[in-house]
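Protein chains in written order, with my numbering: chain G, 1 to 323; chain W, 1 to 323.
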């Protein structure tokens, strides 16, 4: 199958009207009056961001999810995306079909459509890049830079499941099959909290999605806002499976720290005024999404990780280092 | 240098205000009232779209140029772009710096700024993807689908120089040094006719940029418009250097056909009403850009390549086949 056949056969079914049926050079679109466009780009490389040889429906869902988390962390409503797909010549059409099936599932989950892109050959690892577009009421995008001294720091979902999923894939930990499957599924198909987009827009003063690691991403937000942050490690929300894993480890605190710095969570970390937290939590529970306060914004700089007595825990690697 | 250092040191200097100093997860932007956004994505892979080992200022300029041509072929004014840069771990900072220098040159040439993107590691070939954004008056984007029976088919610049540049790089042809340098420069740094964007918007009824090959891209436009096209091979504009090359070849017609199907030109092929051609040509000559009528839109389907007596020339490969 050549590029044009692939586009006509599989990709065109995923296209929104803005993408002109993928039959032109570009997409044409205008945000509704009173709205800004919020645009983000995230790339996944085989062997770096997903296991070698794994190019399937799950990776397609991950690709969309990691881009959705950027958009909703800005309080924006995701609408459409552009896909750059670089695959080796010998990739068979069943694998391409499976990948497109995953895109279709993700499109339904997140309410987005394909607006365009490029498909190319590569001699190397499969490389997938998405540019995602959403809208937010004019001037209301939630930035990293809006945190103020006194705000509560809170986070959606649970943290560390993807990290343990990766550890299992790398055969670095051993566990029973049910937990393993749960963690791996979370690693392959993260679930950013789309249902909370409107609540993030309403209540969050600053927000960021967690890709590098909870502590590293908190640091990015603290730096952009010119504030410090105290994060209480024991309050970082864990799944039942991950809690069980922590309790099996010789040093619980070190284990929790691993989860809080592992990354790939694609949950949203945000700062809210203290008086709004209960409203935000209520919105979240309406959508059966965890919302947990894990710390406070303080004067100064840098993120400090603290134990339940308030003592600072030394952190050597707050998250994934790029390059 | 890690990703954050690279962004702070080099990329942030290239950023426009929409990119929030590259310090957030996304860009925030709104097209001016009365304008649509035109968005396009093109990817270049080392060893496929540019020679292995060549990651430098020229490739950066090519990367921007191939995306600019998509935007101006829609009659749109390019504004900003997102860059996905996947490079091996061992890429040294001088090469990254040189690449960014090329981006900076291209940004000045085309009046665009960096709005965001992603930088990742790869074990394989360097992979560069750009999503380019421009604006066009609402509803006025020039599509592939607007050609009508009786329109003139015309093209900017000269065709085939990039093809000969590639042939020299592949050591498939031999020539004197001046010509070789000219062709290679055109291959590495194509020059889409930005100055004609407003004229394309005003006069073109349909347009496409030439990446796969003049005849192949004409075919894409003919199909989208539901028309046929007659292209007279001897009228396809060639540079002085390429004309000299044609005259040296045993079969001039075959040589011309190679140039008209080689691709990588990044010029604009467009359909205009016959009565507007002289105005369009005047606009082009004001900017010292060639504008040449090469054929006609006719009823029916498919593109036919004809000799100067009007006889059809058989074409087995109208352009670059993808995948």
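Cβ atoms here follow ideal geometry from the backbone N, Cα and C, with glycine treated the same way.
In this text, all values refer to a predicted model and were calculated from it rather than measured experimentally.
Minimum Cβ-Cβ distance from residue i to chain W less than 8 Å
i                     : result
residue 202 (chain G) : no
residue 166 (chain G) : no
residue 124 (chain G) : yes
residue 121 (chain G) : yes
residue 127 (chain G) : yes
residue 131 (chain G) : yes
residue 218 (chain G) : no
residue 157 (chain G) : no
residue 47 (chain G)  : yes
residue 38 (chain G)  : yes
residue 74 (chain G)  : yes
residue 109 (chain G) : no
residue 25 (chain G)  : yes
residue 209 (chain G) : yes
residue 11 (chain G)  : no
residue 82 (chain G)  : yes
residue 79 (chain G)  : no
residue 20 (chain G)  : yes
residue 278 (chain G) : no
residue 224 (chain G) : yes
residue 281 (chain G) : no
Coil, strand or helix - residue i by DSSP
i                     : result
residue 121 (chain W) : strand
residue 294 (chain W) : strand
residue 17 (chain W)  : helix
residue 170 (chain W) : coil
residue 129 (chain W) : strand
residue 9 (chain G)   : helix
residue 302 (chain G) : strand
residue 138 (chain W) : coil
residue 3 (chain G)   : helix
residue 27 (chain W)  : strand
residue 235 (chain G) : helix
residue 158 (chain G) : coil
residue 153 (chain G) : strand
residue 116 (chain W) : strand
Neighbourhood of residue i by C-beta, 6 Å cutoff - its chain only, sequence neighbours within 5 removed
i                     : result
residue 186 (chain G) : 161, 162, 165
residue 286 (chain G) : none
residue 131 (chain W) : 41, 82
residue 179 (chain W) : 241
residue 68 (chain W)  : 78, 110, 192
residue 129 (chain W) : 43, 84
residue 45 (chain W)  : 125, 127
Proximity test, Cβ basis, 8 Å: residue i and chain G
i                     : result
residue 29 (chain W)  : yes
residue 41 (chain W)  : yes
residue 117 (chain W) : yes
residue 144 (chain W) : yes
residue 70 (chain W)  : yes
residue 284 (chain W) : no
residue 94 (chain W)  : no
residue 55 (chain W)  : no
residue 141 (chain W) : yes
residue 308 (chain W) : no
residue 86 (chain W)  : yes
residue 15 (chain W)  : no
residue 97 (chain W)  : no
Residues near residue i in its chain [Cβ-Cβ closer than 8 Å; skip 5 each side]
i                     : result
residue 96 (chain W)  : 1, 6, 10, 87
residue 194 (chain G) : 68, 72, 78, 109, 110, 111
Spatial neighbours of residue i in its chain, beta-carbon cut-off 7 Å, leaving aside the 5 residues before and after
i                     : result
residue 220 (chain W) : 144, 208
residue 294 (chain G) : 153, 154, 155, 231, 232, 235, 236
Any chance you could list the beta strand (DSSP E) runs of at least 3 consecutive residues sitting entirely within the stretch 191–230 of chain W, in chain order? 204–209
Ordered list of beta strand (DSSP E) runs contained in the stretch 36–113 of chain G, each at least 3 residues: 77–87
Would you call the stretch 136–155 of chain W and the stretch 220–228 of chain W in contact, with 3 or more CB pairs under 8 Å? yes
Which complete alpha helix (DSSP H) runs does the stretch 239–274 of chain W hold, if anything under 4 residues is left out? Here the runs fully enclosed are 240–248, 252–261.
Count Cβ pairs between the stretch 73–80 of chain W and the stretch 301–312 of chain G that sit closer than 8 Å; are there 3 or more? no
Do the stretch 50–58 of chain W and the stretch 110–119 of chain W meet, that is, are 3 or more Cβ pairs less than 8 Å apart? no
Could you tell me whether the stretch 313–322 of chain G touches the stretch 210–217 of chain G, where touching means 3 or more Cβ pairs closer than 8 Å? yes
Okay, do the stretch 267–280 of chain W and the stretch 191–204 of chain W touch, 3+ Cβ pairs below 8 Å being the bar? yes
Segment contact flag, the stretch 14–25 of chain W with the stretch 111–129 of chain W, C-beta cutoff 8 Å, min 3 pairs: yes
Please confirm if the stretch 125–141 of chain G is in contact with the stretch 24–35 of chain G, defined as three or more CB-CB distances below 8 Å between the two stretches. yes
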